[in-house]
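J.:
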């Protein structure tokens, strides 16, 4: 399926006039079983696409929330093969919700680019976001993904100017991930007006749906983003729920899913109200 | 990515500008104290049976080679109109050099330093604070140099409009490894002129410690085309290669990507980066500058290893024989002098890059010296 599953999902949402709600969770966080219970229930909580984090020891584009999540997952034994197995299990249960893996290059390089693309496609994964591979260095990865009909999803940021946008848009498929702040995940909020103009620009140049993430922590913010972008990505706020639940000795899955459901509700009702 | 592209362009312009080079040269002469001496270490020579010269980078202002690079980059930062400087540091030598350059030019300075390193390099932390820098402890990961670099990169991407990231080693994304090398090649250029003057010929071997590898690449680079000059880098093998607790990326790692560089890397079978281990905080980095990876693969340089124990022994030996306290980092190179001397023979001319002074290491080294006859 790959790229076409992502396209089908965005086409469906467009028909309904809805923005997509895209939760991000770290695969294997805080442990394999809990991670599965979260992933399995995300579509029912309102997830339209899912970003599944490949844990990495040195996640330099992420803030403390996601780094803690990655550390928990690695400590609980997460590895690339395990993440792919988790995706496979999800795909067996849900044929329609796209899964996008998001992570860093070294584990993928270690697995082997072609071997990874092949295994990811077989596991029912639809796309990949590699935050530390700039477009200039991405051709080998793009080749491997294309051969298996997987989408290479790229990041654009507020510092991506006109000339650079053309480079970013090259070989990108599925959607473009617009990082709404200059900084790491879970950081401060950016001005909605400024984001709106940038999202329009990214959409025009790429011809693809635009997802906005980094710095979306509240339902109000999620709704605001849903009115200007094609998808709202929520990550750190969900991963933080796991930290909180663990500290309070509660079930992390329940906390994450409650928060995801509230965010999804805000995203899906945003345009009707707005 | 636009931020490193902008840096690459600004550096290319500065490099080609004679006014920039003249300004740097002036600071290196009058402020840093260059050229650093090339000293004939007669007692080490006698001990190891070779003609051993020490390139005295520890005599630079701030006590190490790190200031060479900091002066270059601070002038570049000013040229780019940046008003805030951030840096990462392991042993604190680069942090001190960066804080010094910032004091000189009245720029605010934030130094990211692993919490573990803050503890074992207390004198340098004090120095940075006295110089007006803010030292931010990094608790994540192994709380050492790589984690400090993660944190500095996060700061940089969040504050790119006014902030310059002053990387201290020949690591990180392009153009840093090249730029840091360029600023450190003053070591090798001076050495070349000095040894020709003193010995009337090129040396048989150069030897330097490698963590990220900036002092070694600075020493080696002007000699790369001289194929008769053997090049030896010395990595930290910590508690021993077989223990798994080491910092020897070239000898014990394999190619990977970290901090925007493709080079040898300590990593597990799944590509997760492993913590490096060394008594010397300045060598405690799981990667290595990409040019060293190239020199290794090309067979141009050889990379040896020295354990914590060997470094401590060499530290003590150099102190006793020459009256010079070397940094624990440099002591790793000193530890392999015997091995290199055996290859070059008694008439062999060896230049060792003495990258830093060891005063900062007294607290780390004291417990190791207890119970020894010369303690």
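Residue numbers (our numbering), protein chains in the order written: chain R, 1 to 274; chain V, 1 to 375. Cβ coordinates follow ideal geometry from the N, Cα and C atoms, glycine included. None of these values were measured; they are calculated from a predicted model.
Roughly how many angstroms lie between the CA atoms of residue 214 of chain R and residue 234 of chain R, to the nearest whole one?
T.: Here residue 214 of chain R is taken as the residue at index 214 of the first chain, counted from 1. Here residue 234 of chain R is taken as the residue at index 234 of the first chain, counted from 1. Their backbone Cα atoms lie some 7 Å apart in a straight line.
J.: Since residue 217 of chain V is in the alpha helix (DSSP H), which residue starts that stretch and which ends it?
T.: Residue mapping note: residue 217 of chain V aligns to position 217 of the second chain, counting from 1. That run of the alpha helix (DSSP H) goes 214-220.
J.: At what residues does the beta strand (DSSP E) containing residue 262 of chain V begin and finish?
T.: Here residue 262 of chain V refers to the residue found at position 262 of the second chain. 261-265 is the extent of the beta strand (DSSP E) around residue 262 of chain V.
J.: Hey, is residue 164 of chain R's beta-carbon within less than 9 Å of any beta-carbon in chain V?
T.: Within the first chain, residue 164 of chain R is the residue found at index 164, counting from 1. Closer than 9 Å to some Cβ of chain V, the Cβ of residue 164 of chain R qualifies, so yes.
J.: Please name the residues in the stretch 271-298 of chain V whose beta-carbon is closer than 7 Å to at least one beta-carbon of chain R, in chain order.
T.: Those residues of the stretch 271-298 of chain V that come within reach of chain R (Cβ to Cβ, closer than 7 Å) are 271, 272, 273.
J.: When the distance is taken between beta carbons, is residue 266 of chain V closer than 9 Å to residue 275 of chain V?
T.: Here the question's residue 275 of chain V lines up with position 275 in the second chain. Here the question's residue 266 of chain V lines up with position 266 in the second chain. Yes, Cβ-Cβ distance for residue 275 of chain V and residue 266 of chain V is below 9 Å.
J.: Short of 6 Å in beta carbon distance, which residues of its chain neighbour residue 213 of chain V, apart from the five on each side in sequence? Order them along the chain.
T.: Position 213 of the second chain, counted from the start, is the residue given in the question as residue 213 of chain V. So the qualifying residues of the chain are 170, 288, 289, 292.
J.: Can you pull the chain R neighbours of residue 1 of chain V, defined as C-beta to C-beta under 8 Å?
T.: As a working mapping, residue 1 of chain V is identified with position 1 in the second chain. Simply 134, 135, 136, 164.
J.: Short check: CB of residue 85 of chain R to CB of residue 117 of chain R, under 9 Å?
T.: Locating residue 85 of chain R in the first chain gives position 85, counting from the first residue. Locating residue 117 of chain R in the first chain gives position 117, counting from the first residue. Cβ distance not < 9 Å, so residue 85 of chain R and residue 117 of chain R don't count as in contact.
J.: Would you mind stating whether residue 351 of chain V and residue 331 of chain V have Cβ atoms separated by less than 9 Å?
T.: Working through the second chain from its first residue, we reach residue 351 of chain V at position 351. Working through the second chain from its first residue, we reach residue 331 of chain V at position 331. For residue 351 of chain V and residue 331 of chain V, no; Cβs fall outside 9 Å.
J.: Starting from residue 260 of chain V, find everything on chain R with Cβ-Cβ shorter than 8 Å and list it in chain order.
T.: Residue mapping note: residue 260 of chain V aligns to position 260 of the second chain, counting from 1. Neighbours of residue 260 of chain V on chain R, chain order: 132.
J.: Could you tell me if residue 270 of chain V is buried or exposed, where buried requires 16 or more neighbouring beta carbons within 10 angstroms of its beta carbon?
T.: Within the second chain, numbered from 1, the residue matching residue 270 of chain V stands at position 270. It is buried - the Cβ of residue 270 of chain V has at least 16 other Cβ atoms within 10 Å.
J.: Any beta carbon of chain R sitting closer than 9 Å to that of residue 135 of chain V?
T.: For the purposes of this step, residue 135 of chain V is taken as residue 135 along the second chain, with counting starting at 1. No, because no Cβ of chain R sits closer than 9 Å to the Cβ of residue 135 of chain V.
J.: Below 8 Å on the Cβ atoms is my guess for residue 167 of chain V versus residue 176 of chain V; work out the distance and round it to an integer in Å.
T.: Locating residue 167 of chain V in the second chain gives position 167, counting from the first residue. Locating residue 176 of chain V in the second chain gives position 176, counting from the first residue. Confirmed, about 5 Å.
J.: To the nearest angstrom, how far is the alpha carbon of residue 222 of chain R from that of residue 363 of chain V?
T.: Locating residue 222 of chain R in the first chain gives position 222, where the first residue counts as 1. Locating residue 363 of chain V in the second chain gives position 363, where the first residue counts as 1. Rounded to the nearest angstrom, the two C-alpha atoms are 52 Å apart.
J.: Comparing alpha-carbon positions, which option in V:229, V:52, V:111 lies nearest residue 148 of chain V?
T.: The residue given as residue 148 of chain V occupies position 148 in the second chain. Selected option, being the one with the closest Cα: V:111.
J.: Please determine whether the Cβ atom of residue 89 of chain V lies at a distance below 8 Å from any heavy atom of the ligand FAD.
T.: With respect to the ligand FAD, the structure offers nothing, as it holds no ligand at all.
J.: On a CA-only basis, which of R:132, R:16, R:211 is nearest residue 261 of chain V? Give me that one, please.
T.: Translated into the one-based positions of the second chain, residue 261 of chain V becomes position 261. Answer by Cα proximity: R:132.
J.: According to DSSP, is residue 280 of chain V helix, strand or coil?
T.: Reading the second chain from its first residue, position 280 is the one you call residue 280 of chain V. If DSSP states are grouped into helix, strand and coil, residue 280 of chain V belongs with coil.
J.: Compute the Euclidean distance between the alpha carbons of residue 12 of chain R and residue 87 of chain R, then round it to the nearest angstrom.
T.: Here the question's residue 12 of chain R lines up with position 12 in the first chain. Here the question's residue 87 of chain R lines up with position 87 in the first chain. Using only the alpha carbons, I get a separation of about 22 Å.
J.: Output the distance between the C-alpha atoms of residue 271 of chain R and residue 126 of chain R, rounded to the nearest integer angstrom.
T.: As a working mapping, residue 271 of chain R is identified with position 271 in the first chain. As a working mapping, residue 126 of chain R is identified with position 126 in the first chain. Approximately 27 Å between the Cα atoms of the pair.
J.: When the cut-off is 9 Å and only beta carbons count, does residue 71 of chain R lie next to chain V?
T.: Locating residue 71 of chain R in the first chain gives position 71, counting from the first residue. At least one chain V Cβ lies under 9 Å of residue 71 of chain R.
J.: Pick helix, strand or coil for residue 153 of chain R, following the three-state DSSP scheme.
T.: Taking the first chain and counting its residues from 1, the one referred to as residue 153 of chain R is at position 153. If DSSP states are grouped into helix, strand and coil, residue 153 of chain R belongs with coil.
J.: My parser needs the alpha helix (DSSP H) runs of 4 or more residues fully inside the stretch 11-68 of chain R; what are they?
T.: Here the runs fully enclosed are 32-45.
J.: Interface residues of chain R around residue 146 of chain V at Cβ under 8 Å?
T.: Within the second chain, the letter at position 146 stands for residue 146 of chain V. Going along chain R in sequence order, the residues near residue 146 of chain V (Cβ under 8 Å) are 58.
J.: With DSSP run on the structure shown, which of helix, strand or coil describes residue 25 of chain V?
T.: In the second chain, the residue the question calls residue 25 of chain V occupies position 25. Correct three-state label for residue 25 of chain V: helix.
J.: Give a yes or no on whether the minimum CB-CB distance between residue 172 of chain R and chain V is below 9 Å.
T.: As a position in the first chain, residue 172 of chain R is number 172, starting the count at 1. No, its Cβ sits nowhere closer than 9 Å to a Cβ of chain V.
J.: Which residues in chain R have a C-beta closer than 8 Å to the C-beta of residue 214 of chain V? List them in chain order.
T.: For this step, residue 214 of chain V is matched to residue 214 along the second chain. None at all; the shortest Cβ gap to chain R is about 20 Å.
J.: At the level of alpha carbons, what is the spacing between residue 274 of chain R and residue 227 of chain R?
T.: Here residue 274 of chain R refers to the residue found at position 274 of the first chain. Here residue 227 of chain R refers to the residue found at position 227 of the first chain. In this prediction, residue 274 of chain R has a pLDDT of 44, which is less than 50 and means its spatial position is unreliable; nothing more can be read from the coordinates.
J.: If contacts are defined as beta-carbon pairs under 8 Å, then residue 106 of chain R and residue 257 of chain V qualify, I think. What distance do you get, rounded to the angstrom?
T.: Mapped onto the first chain, residue 106 of chain R falls at position 106. Mapped onto the second chain, residue 257 of chain V falls at position 257. Yes, they are in contact, since the Cβ atoms of residue 106 of chain R and residue 257 of chain V sit about 5 Å apart, within 8 Å.
J.: Could you give the first and the last residue of the continuous beta strand (DSSP E) run that contains residue 208 of chain V?
T.: In the second chain, the residue the question calls residue 208 of chain V occupies position 208. Start and end: 205-209.
J.: Cβ atoms of residue 249 of chain V and residue 280 of chain V: under 9 Å apart, would you say?
T.: Along the second chain, one-based indexing puts residue 280 of chain V at 280. Along the second chain, one-based indexing puts residue 249 of chain V at 249. Result no, Cβ atoms of residue 280 of chain V and residue 249 of chain V do not sit closer than 9 Å.
J.: Can at least three beta-carbon pairs, one atom from the stretch 21-29 of chain R and one from the stretch 188-208 of chain R, be found at a separation below 8 Å?
T.: These segments do not touch.
J.: With burial defined as no fewer than 16 other Cβ atoms inside 10 Å of the residue's Cβ, what is the status of residue 17 of chain R: buried or exposed?
T.: As a first step, residue 17 of chain R must be located in the first chain, where it is residue number 17. So residue 17 of chain R ends up on the exposed side.
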